[in-house]
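Residue 0 is where the sequence shown starts when you use numbering that gives the first Met the number 0, and the numbers rise one by one after that. C-beta: ideal position from N, C-alpha, C; glycine also.
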Amino acid sequence: MPVMVQALVPVFVLIMLGHVFRRLDFPGGDFWPQAERFTYYVLFPAMLVFKLGQARLPASAYGDIALLIGAMLLAMTLVLVLAQWIWRWRGPVFSSVFQGAIRFNSYVGLAAGGMLLGDAGLSLTAIAVAVMVPLLNLLCILMFSLVATDGPVRLGPVFRAIVTNPLIVGSVVGVVWSFFEIGFHPLIAGILEPLSNLALPMGLMTVGAGLQLQALRGASMPFIVASVLKLVAFPLITVGLAFLLGLDGLMVQVAVLLATLPTATSAYILARQLGGDALLMAGIISGQTLLAIASIPLMLSLLW
């Protein structure tokens, strides 16, 4: 447990540091939104290419992680359908609960995976992220089309957004690079390595800068349900599924880590664009990020 806390403390300190800097308006202007764009489009793809390009994972790992992730998302979707049958929330409210209980913050996941599990864990986490991101986007878009939007959702822009997602592109390039064992020329490595080293701290600080703590006022039952399902039930379900599928080792550790993560900050944008309850979504994102400071080390110490 002390080793785990020691690895996770820097993650959350960097998140809170970003929040403090944003509150102090330092370094000023629109720095933090631009920093988030730079991290998303440049730093993280560079890190994924560099780290995955050096990884040497067995071919079976890709199929196993895809199978486990697919089972995780299906199981949580069924749990959320049951929750909606019990509470019968309005469509926009349920859309925020759905996103809050099933999505995950990839910045925090990649940072925690690297710090807790080393380069092998970071590589496997990156592959899992590349599998989960398109599946989650499709799930959430389908959910919005069923419960929260007045008209049909256009799938063309959604598909383009998925195939051009920088995290997916970086992961695919890195996996191909690794598969063919191309290696990195010292000049290329000299460029990618410092960008890679910068990605995680900058990504975590932009997560903190995006927190909207005022949205936590009057936390409601939807917030509580989404947070309990995401931070407690999802990792427990993941362990059960891994046992049923006969999986163990580093792959299960990565899957459990992803299941414990707070929901993605991008869920707020989707809620605002597609008719969800954006204020509730902001509260869920911010509240879960704070709760995860305690819940992640607790759940990992119990389940790893």
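Rounded C-alpha distance that separates residue i from residue j
i      : j      : result
LEU273 : LEU138 : 14 angstroms
ARG55  : ALA119 : 8 angstroms
VAL174 : ILE292 : 31 angstroms
PRO57  : MET114 : 22 angstroms
SER300 : ALA127 : 21 angstroms
ILE236 : MET201 : 31 angstroms
GLY108 : LEU116 : 11 angstroms
VAL96  : LEU81  : 12 angstroms
ILE85  : LEU141 : 21 angstroms
GLY169 : GLY52  : 10 angstroms
PRO221 : MET46  : 36 angstroms
LEU197 : THR288 : 21 angstroms
PRO261 : ILE190 : 32 angstroms
SER59  : LEU246 : 12 angstroms
TRP31  : SER285 : 17 angstroms
PHE242 : ALA160 : 34 angstroms
VAL238 : GLY28  : 45 angstroms
VAL10  : ALA111 : 7 angstroms
GLU35  : LEU199 : 12 angstroms
ARG216 : GLN33  : 28 angstroms
LEU257 : VAL4   : 17 angstroms
MET15  : ILE283 : 17 angstroms
ILE167 : LEU77  : 26 angstroms
GLN83  : ARG89  : 9 angstroms
GLY17  : ARG271 : 23 angstroms
VAL8   : VAL162 : 34 angstroms
Spatial neighbours of residue i in its chain, beta-carbon cut-off 7 angstroms, leaving aside the 5 residues before and after
i      : result
PRO91  : ALA147, GLY274, GLY275, ASP276
GLY66  : The residue asked about is misnamed: residue 66 is Leu in this sequence, not Gly. Here the set comprises LEU244.
VAL172 : VAL48
ALA6   : MET114, LEU115
LEU121 : LYS50, LEU109, GLY112, GLY113
LEU278 : ALA214
Reference residue i, options the options, closest by Cα
i      : options                        : result
ASN164 : SER265, PHE178, PRO296         : SER265
LEU13  : VAL96, LEU203, VAL162, SER95   : LEU203
PHE25  : THR205, PHE143, ASN136         : THR205
THR259 : MET298, ASP247, ALA198, LEU246 : MET298
VAL253 : MET131, ASN196, PHE11          : MET131
VAL255 : LEU123, GLY62, VAL19           : LEU123
MET71  : VAL251, TRP303, LEU302         : VAL251
VAL19  : ASP29, ALA6, GLY207            : GLY207
LEU269 : GLY69, ALA125, SER144          : SER144
ILE64  : SER94, TRP176, LEU240          : LEU240
LEU194 : GLN33, THR38, ALA125           : THR38
GLY248 : LEU121, ARG271, TRP303         : TRP303
LEU79  : SER94, ALA129, VAL8            : SER94
LYS229 : LEU166, MET15, LEU290, VAL162  : LEU290
PRO133 : GLY17, ILE68, GLN83            : ILE68
Burial state of residue i (16 or more Cβ within 10 Å)
i      : result
SER105 : buried
ARG87  : exposed
LEU186 : exposed
PRO234 : buried
GLN98  : buried
HIS184 : exposed
PRO156 : exposed
GLY62  : exposed
Proximal residues to residue i (C-beta, below 6 angstroms), its chain only, five neighbours per side dropped
i      : result
ILE101 : MET75
ALA281 : GLN211, ALA214, TYR267
LEU135 : ARG102
GLY319 : Because the chain here runs from 0 to 303, residue 319 falls outside it and cannot be looked at.
TRP176 : GLY52
ALA125 : LEU47, LEU51, SER170
ALA129 : ILE167, SER170
Cut-off 8 angstroms between Cβ atoms - residues of its own chain near residue i, not counting five sequence neighbours on either side
i      : result
VAL231 : SER294, MET298
GLU192 : PHE49
Are the region 15-33 and the region 180-193 touching, with three or more C-beta to C-beta distances below 8 angstroms? no
Quick test of the definition: if touching needs 3 or more C-beta pairs under 8 angstroms, does the region 36-48 touch the region 219-227? no
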